[in-house]
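In the UniProt record's numbering, the protein residues as written are 1 to 387. Here the structure is laid out as structure tokens; the discussion comes afterwards.
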């Protein structure tokens, strides 16, 4: 009788032997990938976890909403609107509060067995909880704005209104808890982009009437700007998310044979960059904080330039494509600085936006390139044959 065999390298065999206790592995096809897993390991489905943990808070929110609506002594409760208590306003408040604490609790529970310090776990948990909840809050604002325009004047009795709150809060909680269960490096990079770009665009739109571009990019965080906290908080939280990405990234790298002192230097660079981004937000471009703000902003670009110059030494196996792209970014930064400082072709605002955009984009792309380098080292070729 013919038997099928899978021939694998010794190194991969040793790794798989450490992973399983009874020499048995399960194989499954998922998204056009072949996945090996330990059949004895406990791998709770993220959808099952999300369903398990969102039901009770959702029911609680519905009960609280009904009680509030009944005590409000209104026979009809508005679907949307800010003048009176409405389904929209209570849904946003309850889903934001319950979503924050739900995400925090699930993420802490998931991270309790990781080999990280308690401070790092708490910092990551709070950062991600606030970031994900803020995005959920922003999406709800947009959603209810559209609903308000679509269902203007619609009202419900207190019990129906309370049930609707339960439904909408449940939807938000489900997605937040699902996100907490499945936090990955790719998700964090997307979160960083969403937080940074979204926050900056909101700050720009808020200060549109003040012609902020005629001053400089940093004007958005000064006392003269409208709601300056949006710009500054965006930078601070972007720095915290980048720090979290750094922890995730190098926790993964530390298991690789390629991990050496050069990777530790790169980690230090990313930590310094995170601190400098936070300083740009903590110390706005005004009065006595101006020197710290300017030095932090220029220091950020300077560190990126330093990383690009020594890139080939830091990561000898980096791809030629990314190396070429990095030198193009370096040239673009130098040319834009020359166009601003020497020939005054660019305004300060345009120069700041170009420099920050190039630096920020390169940092994120470098993270993906580093992942590619490490993943290549973790790939093996196997052979199928029959006997």
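Glycine is no exception: its CB is placed at the ideal position from the N, C-alpha and C atoms.
The alpha helix (DSSP H) enclosing residue 388, as first and last residue numbers: Residue coverage of the chain in this structure runs from 1 to 387, which leaves residue 388 outside it and unanswerable.
CA nearest to the CA of residue 250, picked from 374, 86, 80: 374
Same chain only: Cβ atoms within 7 angstroms of residue 259, ignoring 5 sequence neighbours per side: 253
Cβ-Cβ distance between residue 123 and residue 243 below 9 angstroms: yes
Beta carbon of residue 407 nearer than 9 angstroms to that of residue 246: Since the first residue shown for the chain is 1 and the last is 387, residue 407 is missing from the structure and cannot be characterised.
Where residue 13 falls, given that 16 or more other Cβ within 10 Å makes a residue buried: exposed
Given residue 330 as reference, the closest of 306, 69, 179 once Cα atoms are compared: 306
Identity of the residues DSSP links to residue 155 by a beta bridge: 78
Residue 140 vs residue 178 beta-carbon contact at 9 angstroms: no
Any C-beta of chain B under 9 angstroms from that of residue 155: Absent here is chain B; the protein component of the structure consists of one chain.
Segments of 4+ residues assigned as alpha helix (DSSP H) that fall wholly inside the region 218-274: 229-253
9 angstroms Cβ cutoff met for residue 230 and residue 240: no
Beta-bridge pairing of residue 4 - partner residues as DSSP gives them: 386
For residue 90, the three-state DSSP class (helix, strand or coil): helix
Stretch pair the region 356-369 + the region 186-196: three plus CB contacts closer than 8 angstroms: yes
Segment limits, alpha helix (DSSP H) that includes residue 120: 118-150
Per DSSP, the bridge partner or partners of residue 200: Residue 200 is not bridged to any residue.
Cα-Cα separation between residue 181 and residue 136, rounded to whole angstroms: 16 angstroms
Beta-carbon proximity list for residue 364, same chain, < 8 angstroms, skipping 5 on both sides: 189, 192, 193
Within 9 angstroms, strictly: CB atoms of residue 148 and residue 69: no
Distance CB(residue 102)-CB(residue 158) smaller than 9 angstroms: no
Simplified DSSP state of residue 353, which is helix, strand or coil: helix
Same chain, Cβ closer than 8 angstroms to residue 339, neighbours up to 5 away in sequence not counted: 345, 346, 351
C-beta atoms of residue 285 and residue 218 nearer than 9 angstroms: yes
CB contact flag (residue 164, residue 87, <9 angstroms): yes
Straight-line gap, residue 278 to residue 237 (C-alpha atoms, nearest Å): 8 angstroms
Where the alpha helix (DSSP H) through residue 327 begins and ends: 320-341
When 313, 100, 317 are compared against residue 370, the one with the closest alpha-carbon: 317
Under 9 angstroms between C-beta atoms of residue 398 and residue 183: Within the shown structure, residues of the chain are numbered from 1 to 387, placing residue 398 beyond reach of any answer.
DSSP-derived helix/strand/coil call for residue 108: helix
Paired residues, beta bridge with residue 178 - DSSP: Residue 178 is not bridged to any residue.
Burial state of residue 127, where buried means 16 or more other Cβ atoms lie within 10 Å: buried
Secondary structure of residue 26, DSSP reduced to three states: strand
Sequence-distant residues of its chain with Cβ nearer than 7 angstroms to residue 297 (five each side left out): 280
Closest residue to residue 134 among 222, 97, 255, 383 (Cα-Cα distance): 97
Short Cβ contact (9 angstroms threshold) for residue 174 with residue 106: no
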